[in-house]
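Colleague: Encoded as structure tokens, here's the structure I'll be asking about.
Number of protein chains: 2
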Amino acid sequence: MAPPQSKPRPAQPTTLRRLAQSLALSPTTVSRALNGYDDVSEGTRRRVLEAARASGYAPNPRARSLATGRAMAIGHVVPGGSEHEIVNPVFADFVAGAGEVYAAAGYEMVLSVMPEGAEDEGYRALAQSGRVDGLILQAPRPQDARITLLTELGLPFVVHGRASMARSPYHWVDMDNRRAFLRATQHLLALGHRRIALLNGPVGLDFSARRAAGVEEALLRARCPAPPSFVCHDRMTETYGYDATTKLLAHGTPPTGVLTSSLLIAMGARRAVEDAGLRVGSDVSIVTHDDGLSYLPNGTAEAPMFTATRAPVGTMGREAAQMLLAVIAKKHRVPTPRLLPATFTVGPSTGPAP
Amino acid sequence: MAPPQSKPRPAQPTTLRRLAQSLALSPTTVSRALNGYDDVSEGTRRRVLEAARASGYAPNPRARSLATGRAMAIGHVVPGGSEHEIVNPVFADFVAGAGEVYAAAGYEMVLSVMPEGAEDEGYRALAQSGRVDGLILQAPRPQDARITLLTELGLPFVVHGRASMARSPYHWVDMDNRRAFLRATQHLLALGHRRIALLNGPVGLDFSARRAAGVEEALLRARCPAPPSFVCHDRMTETYGYDATTKLLAHGTPPTGVLTSSLLIAMGARRAVEDAGLRVGSDVSIVTHDDGLSYLPNGTAEAPMFTATRAPVGTMGREAAQMLLAVIAKKHRVPTPRLLPATFTVGPSTGPAP
DNA sequence: AGCCGCTCCCAAACCGCTTTGGATGGCGTC
DNA sequence: GACGCCATCCAAAGCGGTTTGGGAGCGGCT
């Protein structure tokens with residue numbers, strides 16, 4: 003027969019003081035034992051650890067961080083309002099990667115939905131409140147006021163992407179967007195394509211600009227600049243890919259090569275091509291960028307759907323998180339940029355120009 | 003000319019005590035003034051509010067919640083390990099919806115990546131630490147141990163979805179998966195389809211089971227049960243849709259109607275159909291479920307891509323968050339379920355059976 | 001014996017806020 | 001003039017940890 007429950011679920015959660023009392027020790031000693039200080043005897047430490055485990059003691063992070071001054075939390079700021087960046091699949095994968103790193107380091111991740119308009123105040127309050135030890139910024143605009151603001155506030159932060167026009171140096175992690183799209187364009191050029199369109203991401207974002215620059219540079223080098231109507235900007239949805247491609251194909255001299263900024267756009271483009279009675283890979287070639295989203299794979303490693311440049315955004319999240327933790331730990335004296343290359347995979351979606 | 007900055011950025015953040023000192027008031031009075039108690043004169047309150055605004059004072063949420071006992075934070079638990087649920091686009095949209103509600107109510111949202119295997123301990127520690135006031139659970143399995151655990155721990159929670167086999171009542175928000183898929187199937191049946199396949203989500207999840215049940219019921223009523231090979235389960239990717247459909251079409255008597263559990267699967271299915279030289283909407287009809295993801299719209303409202311059942315998951319997030327806040331505020335004495343219907347839209351992807 | 005240095009432990013202050021239980025002074029009332 | 005009652009304000013005690021600055025006890029050395 004089981005003995006009667008000697009310890010039913012504690013009505014009051016175990017606190018450090020209670021734990022100390024039950025061990026006939028002072029809170030000081032228990033705290034130091036748990037935190038691995040070396041001025042507590044091995045025997046005592048064992049007793050403390052054992053009792054802590056048995057009672058399911060978990061230190062109150064709030065009290066702890068009030069005492070230490072460190073929040074042990076990283077903030078990811080989500081622009082609120084109509085354009086919820088969080089629903090962007092890229093955002094989700096990035097956050098997942100970063101979250102892994104935080105969890106391993108004992109940090110927690112708080113998502114702050116920043117009300118649109120009150121951004122300046124919002125960031126100020128966030129810094130002043132001490133809610134987080136650092137911030138990750140995403141989707142920066144070429145000149146992003148947040149960078150100046152945060153530098154001024156002295157709150158550690160790392161930017162995913164770059165703000166080309168920033169006046170002061172800062173920490174960032176980015177993919178080499180320009181080079182990736184330069185290379186993708188050169189691939190099409192090498193296949194003989196001369197009319198090449200770009201279905202880019204939203205206008206005004208830094209990465210969009212860099213990708214466009216890469217394409218432009220390749221086309222310029224090959225002396226075949228694209229007409230303005232061959233460059234489109236929009237939120238990266240399948241529908242956008244479909245509509246834009248349909249429109250492009252209706253052009254008098256339609257493009258034979260299409261570059262897209264995301265897999266979803268590429269899927270829309272493919273649908274448009276096929277709906278027009280053409281074949282992808284022969285009539286029209288498609289090269290896309292692949293963010294390596296786990297729920298949206300580009301086929302399989304052996305059999306990709308699209309020819310693609312690829313830089314897993316989960317990796318970016320991990321890199322950014324690691325950098326931020328290092329910055330917080332004051333391991334960096336000087337802003338450290340990190341530019342990650344994209345890989346290039348040839349798939350069935352590209353072929354010689356017709 | 004601008005006057006010289008009278009107040010440079012404070013090296014020390016403004017605290018309640020400092021603010022009180024600068025006003026020659028006690029911290030008590032300042033606190034009560036800021037929190038709207040009525041035992042402070044209107045004049046004083048105005049002075050306090052003014053000074054707070056001017057100094058950019060933001061109360062330290064950690065200290066506050068240590069004092070009040072309320073964390074003012076809601077936890078969303080992300081199963082860690084290999085299967086990062088957070089990268090699931092459905093998860094992201096749900097969280098975005100919930101986040102709106104939290105932000106409006108002054109709550110923050112913390113994402114806890116729960117290490118796989120140590121779930122029991124993890125939830126216990128989360129509850130004991132007082133890090134959050136409540137939890138949202140997603141993607142429950144038919145008998146989910148977490149529900150029993152959390153009920154026992156006394157931590158308020160709301161489940162997105164249901165756990166059919168749960169022994170005790172609990173709060174949940176769910177879409178009527180069974181009815182939605184019943185209706186979708188009836189649509190195909192009414193069009194004369196008799197060989198109907200289901201590309202479902204992962205096996206073992208509650209919503210997958212409910213959807214399968216809906217389809218099965220419709221088919222049974224129509225006296226044309228599907229062969230076992232017509233029901234597939236997997237993570238909901240485009241590739242899965244493609245592969246599964248390709249396999250189905252190679253069947254001796256292939257299905258003429260395909261139901262899919264997500265838009266991505268449907269897109270894969272469409273690609274497979276077209277690659278097989280068939281037309282969607284005439285040779286093969288596709289009905290999908292549409293989670294209303296903002297970055298993956300089902301065409302437009304006027305021109306949907308697919309015939310679809312639809313229940314925006316962002317709305318679910320909002321509903322769940324509201325319910326949780328109500329539970330925390332002890333507004334509910336009895337567990338309140340909330341079953342949301344799905345809408346049904348006919349698009350070009352379905353037509354009479356060939 | 002006296003002193004030093006170690007090891008192990010602890011009392012008390014503090015982090016920044018809330019909340020309880022008065023204290024103070026002005027005013028009306030009898 | 002004494003009393004009671006408001007309207008305002010505040011001192012101090014937490015909340016649950018960490019950290020500083022010792023202090024007790026003990027063995028070894030001179």
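From first to last, the protein sequence lines are chains D and H.
If you count the first sequence from 1, position 295 lands on 297 in the numbering used here, and the numbers rise without skipping.
If you count the second sequence from 1, position 241 lands on 243 in the numbering used here, and the numbers rise without skipping.
Glycine included, each C-beta is placed from N, C-alpha and C at the ideal position.
Pick helix, strand or coil for residue 280(H), following the three-state DSSP scheme.
Modeller: coil
Colleague: Taking CB distances under 8 Å as the criterion, tell me whether residue 358(D) reaches chain H.
Modeller: This structure leaves residue 358(D) out entirely; chain D is present only between 3 and 356.
Colleague: I want to verify the contact list: residues of chain H whose CB lies under 8 Å from the CB of residue 50(D), in sequence order.
Modeller: Within chain H, no residue has its CB atom less than 8 Å from the CB of residue 50(D), the nearest being about 17 Å off.
Colleague: At 3 residues or longer, and completely inside the region 175-205 of chain H: list those beta strand (DSSP E) runs for me, N to C.
Modeller: 198-202
Colleague: Which whole-angstrom value is the C-beta distance of residue 220(H) and residue 188(H), which I expect to be below 8 Å?
Modeller: 5 Å
Colleague: How would you label residue 39(D), buried or exposed, when you count the other beta carbons within 10 angstroms and need 16 or more for buried?
Modeller: exposed
Colleague: Do the region 170-178 of chain D and the region 319-336 of chain D make contact, defined as three or more Cβ pairs closer than 8 Å?
Modeller: Verdict: yes, contact present.
Colleague: By the 7 Å beta-carbon criterion, what residues does the region 276-294 of chain H contribute toward chain D?
Modeller: 276
Colleague: For residue 93(D), return the contacting residues in chain H, with the cut-off set at a CB-CB distance below 8 Å.
Modeller: Neighbours of residue 93(D) on chain H, chain order: 94.
Colleague: Could you name the residues of chain D that residue 136(H) contacts, counting a contact when the two beta carbons are closer than 7 Å?
Modeller: For residue 136(H), there are no neighbours in chain D by C-beta distance under 7 Å, as the nearest C-beta there is about 15 Å away.
Colleague: Apply the 10 Å Cβ neighbour rule to residue 300(D) and answer buried if 16 or more other Cβ atoms are within range, or exposed otherwise.
Modeller: buried
Colleague: Hey, would you say residue 47(H) sits closer than 8 Å to residue 35(H), going by beta carbons?
Modeller: yes
Colleague: Skipping 5 residues on each side, what residues in its chain have a beta carbon closer than 6 Å to that of residue 244(H)?
Modeller: 270, 273, 274
Colleague: Give the residues from the region 110-137 of chain D that approach chain H closer than 9 Å (Cβ to any Cβ), ordered along the chain.
Modeller: 110, 111, 112, 113, 114, 115, 116, 117, 123, 126, 127, 128, 129, 130, 131, 132, 133
Colleague: Compare the beta carbon distance of residue 289(H) and residue 251(H) with 8 Å and say whether it is the shorter of the two.
Modeller: no
Colleague: At the 8 Å Cβ level, is residue 304(D) part of the contact set with chain H, yes or no?
Modeller: no
Colleague: Can you pull out the residues from the region 157-184 of chain H whose beta carbon lies closer than 9 Å to at least one beta carbon of chain D?
Modeller: none
Colleague: Given a cut-off of 8 Å, decide if residue 99(H) and residue 318(H) are closer than it, judged by their beta-carbon atoms.
Modeller: yes
Colleague: Chain H beta carbons: is any one of them nearer than 8 Å to that of residue 20(D)?
Modeller: no
Colleague: Consider the Cβ of residue 101(H): report whether some Cβ of chain D lies at a distance smaller than 8 Å.
Modeller: yes
Colleague: Looking only at DSSP bridge pairs, what is residue 259(H) linked to?
Modeller: The secondary-structure analysis by DSSP pairs residue 259(H) across a beta bridge with 198(H), 287(H).
Colleague: Counting only beta-carbon atoms, is residue 16(H) nearer than 8 Å to chain D?
Modeller: With respect to chain D, the C-beta atom of residue 16(H) has a partner C-beta closer than 8 Å.
Colleague: Who are residue 162(H)'s beta bridge partners in DSSP?
Modeller: 140(H), 175(H)
Colleague: In this structure, what does DSSP give as the bridge partners for residue 75(D)?
Modeller: 110(D)
Colleague: From what residue to what residue does the beta strand (DSSP E) around residue 339(H) run?
Modeller: 339-342
Colleague: Distance cutoff 8 Å, beta carbons only. Does residue 2(H) sit that close to anything in chain D?
Modeller: In the structure as shown, chain H starts at 3 and stops at 356, and residue 2(H) therefore has no counterpart that could be examined.
Colleague: Are the C-beta of residue 64(D) and some C-beta of chain H separated by less than 8 Å?
Modeller: yes
Colleague: Using alpha carbons as the reference points, say which of 332(H), 241(H), 315(H) lies closest to residue 304(D).
Modeller: Between residue 304(D) and the set 332(H), 241(H), 315(H), the nearest pair of CA atoms involves 241(H).
Colleague: Are there 16 or more other CB atoms within 10 angstroms of the CB of residue 24(H), so buried, or fewer, so exposed?
Modeller: In the assembly as shown, residue 24(H) is an exposed residue. Its beta-carbon has fewer than 16 other beta-carbons within 10 Å.
Colleague: In chain order, what residues of the same chain have a beta carbon less than 7 Å from the beta carbon of residue 59(D), not counting five sequence neighbours either side?
Modeller: 16, 21
Colleague: Taking the beta strand (DSSP E) that residue 312(H) falls in, what are its first and last residues?
Modeller: 309-312
Colleague: Reducing DSSP to helix, strand and coil, say where residue 61(H) ends up.
Modeller: Three-state result, residue 61(H): coil.
Colleague: Please report whether the beta-carbon of residue 299(H) lies at a distance below 8 Å from any beta-carbon of chain D.
Modeller: Yes - at least one Cβ of chain D is within 8 Å of the one on residue 299(H).
Colleague: On a CA-only basis, which of 93(D), 124(D), 72(D), 116(D) is nearest residue 110(D)? Give me that one, please.
Modeller: 72(D)
Colleague: Does the region 178-197 of chain D come into contact with the region 144-162 of chain D, if we say contact requires no fewer than three beta-carbon pairs (one atom in each stretch) closer than 8 Å?
Modeller: no
Colleague: Looking at the unbroken alpha helix (DSSP H) that takes in residue 247(H), where does it start and where does it end?
Modeller: 240-251 is the span of the alpha helix (DSSP H), which, as asked, contains residue 247(H).
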